[in-house]
Structures are given as C-alpha cells and as structure tokens.
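See below for the structure under consideration.
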Amino acid sequence: MRLSRYFLPVLKETPKEAEIVSHRLMLRAGMISQQGAGMYAWLPLGYKVLRKVQDIIEQEQNRSGAIELLMPTLQSADLWRESGRYEDYGKEMLRMQDRHERDMLYGPTNEEMITSIFRSYVQSYKDLPLNLYHIQWKFRDEIRPRFGTMRSREFLMKDAYSFDLSKDDAVRAYNRMFVAYLRTFHRMGMTAIPMRAETGPIGGDLSHEFIVLAETGESAVFCHADMLGKTIPGPDTDFLGDLTPIVSDWTSLYAATEDMHDDTEFTAKVPEDKRIAARGIEVGQVFYFGTKYSGPMGAQVQGPDGKPVTVHMGSYGIGLTRIVPAIIEASHDENGVIWPVSVAPFEAVVINAKSGDAECDAASTKLYDQLRAAGIDALYDDRQTGAGGKFATADLIGIPYQLIAGPRGLAAGEVEIKHRKTGERETISIDQAVTRLKTLIEPARRDTV
Ligand code: P5A
344 MRLSRYFLPV LKETPKEAEI VSHRLMLRAG MISQQGAGMY AWLPLGYKVL
394 RKVQDIIEQE QNRSGAIELL MPTLQSADLW RESGRYEDYG KEMLRMQDRH
444 ERDMLYGPTN EEMITSIFRS YVQSYKDLPL NLYHIQWKFR DEIRPRFGTM
494 RSREFLMKDA YSFDLSKDDA VRAYNRMFVA YLRTFHRMGM TAIPMRAETG
544 PIGGDLSHEF IVLAETGESA VFCHADMLGK TIPGPDTDFL GDLTPIVSDW
594 TSLYAATEDM HDDTEFTAKV PEDKRIAARG IEVGQVFYFG TKYSGPMGAQ
644 VQGPDGKPVT VHMGSYGIGL TRIVPAIIEA SHDENGVIWP VSVAPFEAVV
694 INAKSGDAEC DAASTKLYDQ LRAAGIDALY DDRQTGAGGK FATADLIGIP
744 YQLIAGPRGL AAGEVEIKHR KTGERETISI DQAVTRLKTL IEPARRDTV
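Sequential numbering from 344 applies to the sequence shown in the numbering used here.
Here it is in structure tokens:
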C-alpha cells in the first residue's frame, strides 16, 4: 500500500477523552473513530489488525475441531423467553420491536439461538461431540462503556458452543477450547493466564477467564508467578486425544480473579516470593454450564441405549475488538504502538527519506515491489513530506520493521533497517535488504508456533 493513496488519519494532538494508552494510541494512529457512546468505526489501519486477529482465532478454533457458521445479530425475544433469560438480562440488553410489533433484541450472546439450531437438526449421540462457533457483532448496553473498544457497547466476539452427551465429554470439549485459547493468545504475542472465574449471566459452575496482566486492567487478579513462564502447547497438539494432563498442569497452580479469590488458599498454596497480585484485562472466557439451556429448551439426542439424553453444553468467548487494545497495553512505548509481527497492520514500511529525489524514489519503489513479491505485507511511505514526520508516523503506527532509503546510503549502495521493538538499526546493502527482512519476518509470523 502506498501511503499517499491510503486513508490514515493520524492525529497530532493527544485526544483528551482517552484515559488509557491503548485508547489514545488507537485514536492517534487513525485506527478507530468514535460514532456514539461505546460505538466505534474501524478505520482501515485498525481494521487490518482486527482481520489478522480474526484469522488467528479462526485457525486455532478450526484446529481444535470447532466448526464456523454465522448467526444474525438480531434475535427474537421468544427464543430468550424459553430459557428465562429475557427477563433476567435486564438493562444491558438492547430491546426493540419490528413493524409487526414483535419483540426483538440485539444479541449480547447466542446460547439460545445455537441451542435452537442444534435441537432442529441433531438427533443422535452419533453426531456428538459438536462445537459450533461464529464471529459476530454483539451489543451490551454497558453502564460505563469506556477505554475505547476495550469496553464498548457494540463489540466483535468469537463465541463457540459445545454439545456433548455427558459431563465428562463436555469437560473434554472445555479442555480443547482451553488449549486452543492458550495457543491463540500466544500467537498474538500475549501472555494470557487462565484464572478461575465467576460465571455471571452465562451461568454454570466451571469457568476460566483468560487474563492479560496490565496496570490499566479492570479486574484485580491473583496468581502464582510460574503461570507466566509456562510452555504453550505446540501446533502438533492432538485435539482428538486427551488434553487433561495439559489443562491440569495449568489449573494446578493458583490463579483466580477477584470474585473467586480466596486469600487463605492463596497464602497456603503460593510461596510469598511467587505471589502476584495485579490487574488484568479479560480477553476471553470459557464456561461449562451443563443443561442450563438444553434443559428448558429441550435440546435432546437419542443416547446409545435409545433413550433421550439432554445434552451438556459449554460456551467460549473471545473479544476481538478488546484484544486489539489489550495487545497495545502490553506492547507500546512513548512513541507509539509496537505490533508483534503476527497482528501488525503491515509487516514492514519502506520509508523514502527524500521523496522527489530521483534516486530515492526509484530505489524505494523497487524495494517496495520486491517486498510485495516476497509475500511481505508492506507499506510504502511515498508522501511528499519530510523524513522526520515519516519516522514519527512509522513509530506511532508500530510497523515492526522500517526500511529506510536515504540519498547518502543509496550513494553507497546501502539502506537501513530499523527494528521498531528494540530500536536496533542495521545498515545493509540494497540487494540484501529484502532477504534480510524475510528472515526477520517469516519466523515472527508465529503461524507455525
Ligand atoms: C461465552 C461466549 C460470553 O458471553 N457466551 C458466548 C459467553 N462470555 S463473556 O465473558 O461475557 O464475553 C466473552 C468475551 O467478550 C469480550 N467482551 C467485551 N469486549 C468489549 N466490550 C465489551 N463490553 C465486552 N464484553 C465482553 C471479553 O473479551 C469477554 O471475555
């Protein structure tokens, strides 16, 4: 993409309304634009990041055996009357009527709808286990939408729903999602710690929140320090096999959110120098709730003995539009965002340090073409402006590698590579620059980790 033809409305001023660094940087970097209380448009740069986050989530959901579909945003109130949640959900649910005065709602979650789809089609235990997921906009009329897309009213969620014959099978499904989540957040460059959590309006008695530690996090959390350095299950994980050992290895260490925290247990189980009491951002949550929806909604299958069995369910959420600011909270400096390569809006940016200069223009254009031919997602800052502003923009929008072509270097047959994360600079011959960037970028994509 040539920056002169792109839509990147960066802001010079720091927006006053933004209380936390990710919100400030998303506004300054032209990633989002507020359209109402807790409602945001995703501008091109932000949307590119969101799409990369979505790709990783889909790859890991599919790898774990979940199957993607798409359900509508609007739902009928009658469906929610069946589960009893229409009254329970209260003011957080956005309610409306259609022209026939039928009660409708903008879905805050989809347990009821997926249960109704399931009961329409699935009749036999032979069709289980089944895990269906979608990535769709949700609306929750939060009392205090804040921090930009971190806690908004309209937000994008991945929600998966598992159906099994027994509690044991359902726990196996829960474990598959648990491991898929560890991999998903790791691939985005985040350390997300699974912590015992309250179930709230979703219900059930087994739940974990996946928490990224950050000072600006909304939840108080407590955990064993060893939760931070644990090995993440690799891509060869056998999702058809038993994942209990992996999950038990994580859940045996103390980790709980404020609501589930037990100070006596914490001090008994965790040595003093290993106790972490911190704040965190909840990027995902998994639930096992048994027959809470399948019971009242009559979702049954025929069991092996021919008798009807009410299915055991779980649901598994990830907030995509929250992940983007969460990554920024965990990875930025005073100059801007520092994207991990796996979710960076562009992997590299060619900075033409003297646009208008024939040598610089020719060399920069050639490097940009070569990068694209090498399969690198590249941006070319070809604007007719000074080099200083271009460096500042590249730092602000957080592109992992900057390839700088200036008149002096080019005269010597050289360009410079700046690593956004470390600030390290390498001078390299023009011919080797693209190969060098490939070596830096390809392993960092984390698509094989
Ligand atoms: C699980 C999937 C559920 O709704 N039903 C379907 C279950 N869980 S949850 O924990 O309530 O939400 C899942 C994830 O969505 C994100 N999230 C939000 N993101 C931005 N703004 C909000 N207001 C918001 N509310 C929830 C979180 O990442 C949460 O873990």
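Where a beta carbon is used, it is the ideal one built from N, C-alpha and C, also for glycine.
On a predicted model such as this, the values are computed, not experimentally measured, just so you know.
Taking the alpha-carbon positions, what's the residue i to residue j distance?
| i | j | result |
| --- | --- | --- |
| A523 | F498 | 22 Å |
| E769 | F528 | 30 Å |
| G543 | L583 | 30 Å |
| A599 | A706 | 55 Å |
| L386 | Q377 | 10 Å |
| A380 | D616 | 43 Å |
| A735 | R367 | 16 Å |
| G408 | N474 | 7 Å |
| D606 | L783 | 45 Å |
| I460 | L549 | 24 Å |
| A748 | S772 | 11 Å |
| Y597 | L525 | 17 Å |
| K359 | Q775 | 44 Å |
| V693 | P683 | 18 Å |
| P588 | P537 | 15 Å |
| S674 | P576 | 23 Å |
| S595 | E608 | 12 Å |
| V792 | E401 | 15 Å |
| K764 | A737 | 12 Å |
| V590 | C566 | 16 Å |
| K510 | I363 | 42 Å |
| Q440 | S419 | 9 Å |
Please state whether the Cβ-Cβ distance between residue i and residue j is less than 8 Å.
| i | j | result |
| --- | --- | --- |
| K709 | P750 | no |
| R496 | M369 | no |
| G657 | Q628 | no |
| E672 | T559 | yes |
| G491 | A361 | yes |
| P639 | G427 | yes |
| A557 | R622 | yes |
| V626 | V514 | no |
| N453 | D502 | yes |
| P451 | E435 | yes |
| L437 | Y429 | no |
| G752 | E759 | yes |
| Y504 | I545 | no |
| A563 | I619 | no |
| Y476 | E403 | no |
Identify every residue that forms a DSSP beta bridge with residue i.
| i | result |
| --- | --- |
| H655 | D507 |
| I630 | The question names Ile, but residue 630 in the sequence shown is Phe. Answer by DSSP bridge pairing, in chain order: S550 and S658. |
| T600 | V564 |
| T770 | E759 |
| H477 | D502 |
| P537 | F553 |
| E497 | F482 |
| E430 | Per DSSP, none; premise fails for E430. |
| E411 | Y476 |
| W385 | I375 |
| S467 | Q645 |
With DSSP as the reference, label residue i as helix, strand or coil.
| i | result |
| --- | --- |
| Q397 | helix |
| N518 | helix |
| M640 | helix |
| S674 | coil |
| S419 | strand |
| R622 | strand |
| E425 | helix |
| G532 | coil |
| R345 | strand |
| Q440 | strand |
| M369 | helix |
| L739 | helix |
| D616 | helix |
Go through its chain and collect everything with a Cβ distance to residue i's Cβ below 8 Å, but skip five positions before and after it.
| i | result |
| --- | --- |
| L471 | V465, F506, D507, L508, D512, V644 and V654 |
| S685 | K395, I399, R530, M531, G532, A787, R788, R789 and D790 |
| S494 | The sequence as given places Arg at residue 494; Ser does not occur at that position. Here the set comprises G381, E485, R487, P488, E561 and R665. |
| L739 | V353, L368, R371, A372, N678, G679 and V680 |
| T634 | T653, V654, H655 and M656 |
| Y744 | E690, A691, V692, I760, K761, H762, R763, L780, L783 and I784 |
Which residues in the same chain as residue i place their Cβ atom closer than 7 Å to its Cβ, once the five residues preceding and following it in sequence are excluded?
| i | result |
| --- | --- |
| R345 | Y723 and D725 |
| N695 | C703, D704, S707, D724, D725 and A748 |
| G547 | F630, Y631, F632, G633 and K635 |
| S347 | D725 and R726 |
With a CB to CB cut of under 6 Å and the five nearest residues on each side skipped, what residues in its chain are close to residue i?
| i | result |
| --- | --- |
| D602 | E541 |
| M500 | K481, G660 and G662 |
| S365 | P668, I671 and E672 |
| E552 | M538, A540, T600, E625 and Q628 |
| Q713 | V777 |
| W423 | Y429 and E455 |
Are the C-beta atoms of residue i and some chain B residue less than 8 Å apart?
| i | result |
| --- | --- |
| D484 | This model lacks chain B altogether, as it is built from one protein chain only. |
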